[in-house]
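Protein chains in written order, with my numbering: chain V, 1 to 136; chain E, 137 to 272; chain H, 273 to 408.
Single-structure report; data block below.
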Amino acid sequence: MNTRVIEFSTKGNTHILNITPELDRILREENVRDGILFLSAIGSTGGITTMEYEPGLEKDLRQTFEQLFPYKTNYAHNSTWADDNGHSHLRSSFLKTSSFVSVTGGKLDLGTWQQVVFIDFDTRPRDRRILVKIVT
Amino acid sequence: MNTRVIEFSTKGNTHILNITPELDRILREENVRDGILFLSAIGSTGGITTMEYEPGLEKDLRQTFEQLFPYKTNYAHNSTWADDNGHSHLRSSFLKTSSFVSVTGGKLDLGTWQQVVFIDFDTRPRDRRILVKIVT
Amino acid sequence: MNTRVIEFSTKGNTHILNITPELDRILREENVRDGILFLSAIGSTGGITTMEYEPGLEKDLRQTFEQLFPYKTNYAHNSTWADDNGHSHLRSSFLKTSSFVSVTGGKLDLGTWQQVVFIDFDTRPRDRRILVKIVT
C-alpha cells in the first residue's frame with residue numbers, strides 16, 4: 001500500500017482549504033486509474049469533508065460551525081489545559097479527521113461542483129499533515 | 137477493483153432512501169463473501185449514513201436536519217447563485233457523501249435494525265448516482 | 273481480508289470509550305506495518321470518531337450531543353416502539369457507526385492527543401461489537 005503525505009499551513013479559526021488539486025496531483029504522479037484514496041488528517045482539531053468550494057458557502061459553513069459549536073471560554077476542556085480551543089475539538093469530533101475519495105478512469109469520483117476540503121478548527125495558525133493511503 | 141453503480145430518482149427535500157437492498161443485490165451478483173463496499177454519492181447536496189429505517193425516525197431525522205441547518209433564503213450561497221439550496225449544501229458537508237459497509241460471510245455488517253440510507257438534501261427531485269467500489 | 277472483533281460492555285447514555293488500546297493490540301497481533309483498519313460498530317445507536325480523550329472534553333462532548341440532539345420523550349420513533357431512545361438513533365446517524373484508521377510503520381496514524389472512541393448513545397447498558405477489517 002503506497003502512502004503519500006500532503007503538507008500545508010493554515011490560518012486556523014475554521015479556515016477551509018481546498019485540497020482537491022493535491023489529490024489530483026497524487027493521482028497523476030501515482031498513475032491511479034481505479035482505486036481509493038484514504039485521507040487521515042493528523043490531530044484532533046481538524047476535519048475533512050466535501051463541499052462546493054465557493055466563498056458564499058465557505059461563509060455559511062463557518063457560520064454554521066459557530067452556531068452549533070460556539071466559541072466559548074467555559075468549556076471543561078479549556079479549564080483542563082488553560083486553553084481556548086474546546087470548540088475546535090468538538091467540531092473535529094463531529095466532522096471527523098478521516099475520509100476517502102474513490103477514483104474511476106483516472107478521475108476523482110466527485111461532482112462538478114464538489115471539492116475535498118480540510119478545515120482547521122484550531123484557534124491559531126497550524127502546520128498540518130494529511131496521510132494519503134492509495135488502494136488500487 | 138470492481139466498480140458498480142447504483143442509480144435512482146429522489147424527491148429531494150431531505151428525502152431518505154433505503155439503499156440496503158441494492159447493496160445486498162450487488163453482494164450476491166459479485167459473490168462477495170468477505171470485503172468492503174465503498175460508497176461515493178456524486179454531488180454536493182446528498183449524504184450517506186445508517187439508521188433504523190422506520191417512518192417515525194425518518195420524521196425525526198428530517199426534523200433534526202431542519203432545526204440544525206434550517207431552510208433560509210439568506211445564506212450567502214443563495215446570493216452567489218440566486219439559488220435556494222444553501223442549507224442542502226451544509227447538511228451534505230456535515231453528513232458527508234461517502235461511507236463504507238463491510239461484509240462478513242456474505243452478509244453486510246449491520247445490525248438487525250440498521251439500514252444504509254442516501255439522503256437527498258437538494259430542493260428539487262434529482263437523479264442520483266452512487267459509485268460502489270468493491271474491495272475483497 | 274482478515275477480520276477481528278472487539279467486544280465490550282458500555283453504560284449507555286453517551287458513554288464514551290477509548291478503543292485505541294484494542295486497535296494497538298490488533299496491530300501488534302496481526303503484525304500490520306502499513307495498512308488500514310476499517311471499523312464497523314454493529315447497531316444503530318452507537319458511533320465512532322476520534323477525540324482527545326480527557327475528562328474535560330468527554331464532558332463537553334456529551335453536553336454538546338445533549339444540546340444538539342436532546343433527550344425527549346416525544347420523538348416519533350418513541351411512539352412507534354414505546355421506546356425512549358429516539359435521540360440515541362439521531363446521534364448515531366449523524367456521527368455514523370463506521371470509521372477507518374490507517375497505519376504507517378506499525379503505528380496508528382493519529383496525533384499525540386488523538387484517540388479513537390466508541391460512543392454508546394443508547395439509554396441502557398449494552399454489549400457491543402465492532403468488526404475490524406484489516407487491509408494491507
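From the three backbone atoms N, C-alpha and C, an ideal C-beta is built for every residue, glycine too.
Listed along chain H are 336, each with a C-beta nearer than 8 Å to that of residue 69 of chain V. Residues of chain H whose Cβ lies closer than 7 Å to the Cβ of residue 247 of chain E are, in chain order, 314, 315 and 316.
The DSSP assignment places complete alpha helix (DSSP H) segments of no fewer than 4 residues inside the region 280–333 of chain H at 292–302, in order along the chain. For the region 207–235 of chain E, the residues whose beta carbon sits under 9 Å from a beta carbon of chain H are, in order, 230, 231, 232 and 235. A direct Cα-Cα distance of roughly 20 Å separates residue 373 of chain H from residue 326 of chain H.
Rounded to the nearest whole angstrom, the CA to CA distance from residue 262 of chain E to residue 148 of chain E is 6 Å. The way I'd put it, the region 209–221 of chain E doesn't touch the region 164–177 of chain E; fewer than three beta-carbon pairs between them come closer than 8 Å. In terms of beta-carbon proximity, residue 123 of chain V stays away from the interface with chain H, with every pair separated by 8 Å or more. With the rule of 3 Cβ pairs closer than 8 Å, the region 57–64 of chain V counts as touching the region 200–213 of chain E.
Contact with chain H is found for residue 3 of chain V, since one of that chain's Cβ atoms lies less than 8 Å from the residue's Cβ. Residue 251 of chain E sits away from residue 181 of chain E, with the two beta carbons spaced by 8 Å or more. Contact between residue 289 of chain H and residue 390 of chain H holds: CB atoms are separated by about 5 Å, below the 8 Å threshold.
In this structure, the alpha-carbon of residue 384 of chain H lies about 7 Å from that of residue 43 of chain V. When the alpha-carbon of residue 97 of chain V is set against those of V:129, V:41, V:121 and V:104, the nearest one is in V:41. Flagged as an interface residue toward chain V: residue 321 of chain H, by a C-beta distance shorter than 8 Å. Listed along chain V, no residue sits closer than 7 Å to residue 282 of chain H by beta-carbon distance, the nearest being about 18 Å off. Around the CB of residue 135 of chain V, 16 or more other CB atoms lie within 10 Å, so the residue is classed as buried.
Residue pairing by DSSP places residue 138 of chain E opposite E:270 in a beta bridge. Proximity of chain V to residue 267 of chain E at the Cβ level (cut-off 9 Å) is accounted for by 102, 104 and 109, in chain order.
In the three-state scheme derived from DSSP, where H, G and I count as helix and E and B as strand, residue 115 of chain V is classed as strand.
Scanning its chain for C-beta atoms nearer than 6 Å, with the 5 sequence neighbours on each side dropped, one finds around residue 359 of chain H the residues 341 and 343, in chain order. Scanning V:1, V:6 and V:2 for the CA closest to the CA of residue 128 of chain V turns up V:6.
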